[in-house]
Amino acid sequence: MNVEKGSSSENMTTKESLIKEIERLKKEKKAVVLAHYYQRPEIQDIADHIGDSLALARYAATLKDVDIIVMCGVHFMGETAKVLSPDKKVLIPDMAAGCSLADSCEASEFKKFIEAHPGHTVISYVNTSVDIKALTDVLVTSGNALKIVESFPKDEKIIFGPDRNLGNYINSVSGRNMVLWDGACHVHEQFSIEKLIELKKAHPQAKVLAHPECKKALLLLADKVGSTAALLSYAQKDDSKEYIVVTESGILHELQRTCPDKTFIAAPPEEAGCACNECSFMKLNTLEKLYECLKNEQPEIKIDPELAEAARRPIEKMLELS
Ligand code: 13P
Ligand code: SF4
Numbered sequence: 035m036n037v038e039k040g041s042s043s044e045n046m047t048t049k050e051s052l053i054k055e056i057e058r059l060k061k062e063k064k065a066v067v068l069a070h071y072y073q074r075p076e077i078q079d080i081a082d083h084i085g086d087s088l089a090l091a092r093y094a095a096t097l098k099d100v101d102i103i104v105m106c107g108v109h110f111m112g113e114t115a116k117v118l119s120p121d122k123k124v125l126i127p128d129m130a131a132g133c134s135l136a137d138s139c140e141a142s143e144f145k146k147f148i149e150a151h152p153g154h155t156v157i158s159y160v161n162t163s164v165d166i167k168a169l170t171d172v173l174v175t176s177g178n179a180l181k182i183v184e185s186f187p188k189d190e191k192i193i194f195g196p197d198r199n200l201g202n203y204i205n206s207v208s209g210r211n212m213v214l215w216d217g218a219c220h221v222h223e224q225f226s227i228e229k230l231i232e233l234k235k236a237h238p239q240a241k242v243l244a245h246p247e248c249k250k251a252l253l254l255l256a257d258k259v260g261s262t263a264a265l266l267s268y269a270q271k272d273d274s275k276e277y278i279v280v281t282e283s284g285i286l287h288e289l290q291r292t293c294p295d296k297t298f299i300a301a302p303p304e305e306a307g308c309a310c311n312e313c314s315f316m317k318l319n320t321l322e323k324l325y326e327c328l329k330n331e332q333p334e335i336k337i338d339p340e341l342a343e344a345a346r347r348p349i350e351k352m353l354e355l356s
């Protein structure tokens, strides 16, 4: 297919023909497209399932009669899908779609950290490489972290990695004292408390929705702290009309689609005019790359089978417990 860029009407035709081709290729190749809520709107619209990290892992574990999974998200999400569906081809539109949080935890360093804390259960956030997962007893997502941590006895010694903000949040609501790895997400770390306070003053009726990867001071101002799916579900059931959203701004698409009568305001990034409340990794996936990826069946996520086996255990434990 000849994909040319030009005037806005040509671009519209390009977009429409890309969508048509993607739909055709999905059928022809028995492929399913999964997308995270931080993906570009047009990718969310064409996906067969959209969800938070937990939902995407669940879909990947239960998909039947499918040969190809295209993970429109970041690399660790593709790895999780591959671990849970080793017999399927798992593709990702752009292999460079990484995650700064996953990158803040390197396997040989994490191994040393575990060795320095003997007798501790290792709980890791799903935003990690497959190597970290293989060193972990049980994984969590932001959607089930509290439930899983609380499934352990109160005096269980626990290491939690890599997100210090999520770990701190779980410690504060569960009364635990987990030992935390010092990692963070570059998007959620940059939201400014001063700007949030200003925004709250300008919109006194607005409720604040925040992801637990944000710093503690911001979470203290939130009416709801939760995973992307939990924030969506809260806004859908709540009766307020206006919300300030303190997470990656891609979620506004699904918030606005499912709550058309409500107003959602993206919390501003620290620096005026920058797009740092967008995850540059998530935004690497485009409609063009999704089309190319389905057509050429690459880039493909491949994992050494032994490593995949070691990573499957803590993922399955998470799915059991959540
Ligand atoms: P969720 O599991 O809440 O969708 O979060 C994933 C993520 O990468 C947040 O930055
Ligand atoms: Fe990773 Fe942060 Fe992007 Fe989520 S928003 S995928 S944690 S870099």
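In terms of the numbering used here, the sequence shown opens at residue 35 and continues consecutively.
For glycine and all other residues, C-beta sits at the position ideal for the given N, C-alpha and C.
Exposed or buried, what is residue i when buried is set at 16 or more other beta-carbons lying within 10 Å of its beta-carbon?
i: Ser396; result: Residue numbering for the chain in the displayed model covers 35 to 356; residue 396 lies beyond these limits and cannot be assessed.
i: Lys64; result: exposed
i: Gly260; result: buried
i: Asp338; result: exposed
i: Thr96; result: exposed
i: Gln73; result: buried
i: Lys61; result: exposed
i: Lys246; result: A quick correction: the sequence has Pro, not Lys, at residue 246. Looking at its Cβ environment, which holds 16 or more other Cβ atoms inside 10 Å, Pro246 is buried.
i: Gln78; result: buried
i: Ser185; result: exposed
i: Thr114; result: buried
i: Ala81; result: buried
i: Asp128; result: buried
i: His151; result: exposed
i: Leu254; result: exposed
i: Gly330; result: The amino acid at residue 330 is misidentified as Gly; the sequence shows Asn. Flag for Asn330 reads exposed.
i: Ala306; result: exposed
i: Asn36; result: Residue placement at Asn36 cannot be trusted, given a pLDDT of 47 that sits under 50; what the coordinates show is reported in the next sentence. The residue is exposed, with fewer than 16 neighbouring Cβ atoms inside 10 Å.
i: Ile204; result: buried
i: Asn211; result: exposed
i: Ser158; result: buried
i: Asp228; result: Going by the sequence as given, residue 228 is Glu instead of Asp. Glu228 should be labelled exposed.
i: Gly85; result: buried
Who are residue i's beta bridge partners in DSSP?
i: Asp197; result: Gly217
i: Pro303; result: Phe225
i: Phe298; result: Tyr277
i: Ile192; result: Thr155
Identify whether residue i lies in helix, strand or coil by the three-state DSSP scheme.
i: Ser119; result: coil
i: Thr155; result: strand
i: Val183; result: helix
i: Leu173; result: strand
i: Cys293; result: coil
i: Ser138; result: coil
i: Val124; result: strand
i: Phe315; result: coil
i: Val280; result: strand
i: Ile102; result: strand
i: Glu354; result: helix
i: Ile335; result: coil
i: Leu114; result: It is Thr, not Leu, that sits at residue 114 in the sequence shown. Three-state DSSP puts Thr114 in a helix.
i: Asp165; result: helix
i: Ala130; result: coil
i: Cys310; result: coil
i: Phe150; result: Sequence check: residue 150 is Ala here, not Phe. Three-state DSSP puts Ala150 in coil, outside helix and strand.
i: Asn330; result: helix
Residues near ligand 2, criterion Cβ-heavy atom distance below 7 angstroms:
Tyr72, Val108, Cys133, Ser134, Leu135, Ala136, Asn161, Cys219, His220, Val221, His222, Glu247, Glu282, Cys313, Phe315 and Met316
Q: Could you please go through the chain and list the residues whose beta-carbon is closer than 5 angstroms to any non-hydrogen atom of ligand 1?
A: Asp86, Ser87, Thr175, Ser176, Ser261 and Thr262
- Query: Considering only residues of the region 35 to 100, which uninterrupted beta strand (DSSP E) runs meet the minimum length of 3 residues and lie entirely inside it, listed in chain order?
  - Reply: 65 to 70 and 83 to 85
Quiz item: Along the chain, which unbroken stretches of the alpha helix (DSSP H) at least 4 residues long are found entirely within the region 199 to 270?
Solution: 227 to 236 and 250 to 254
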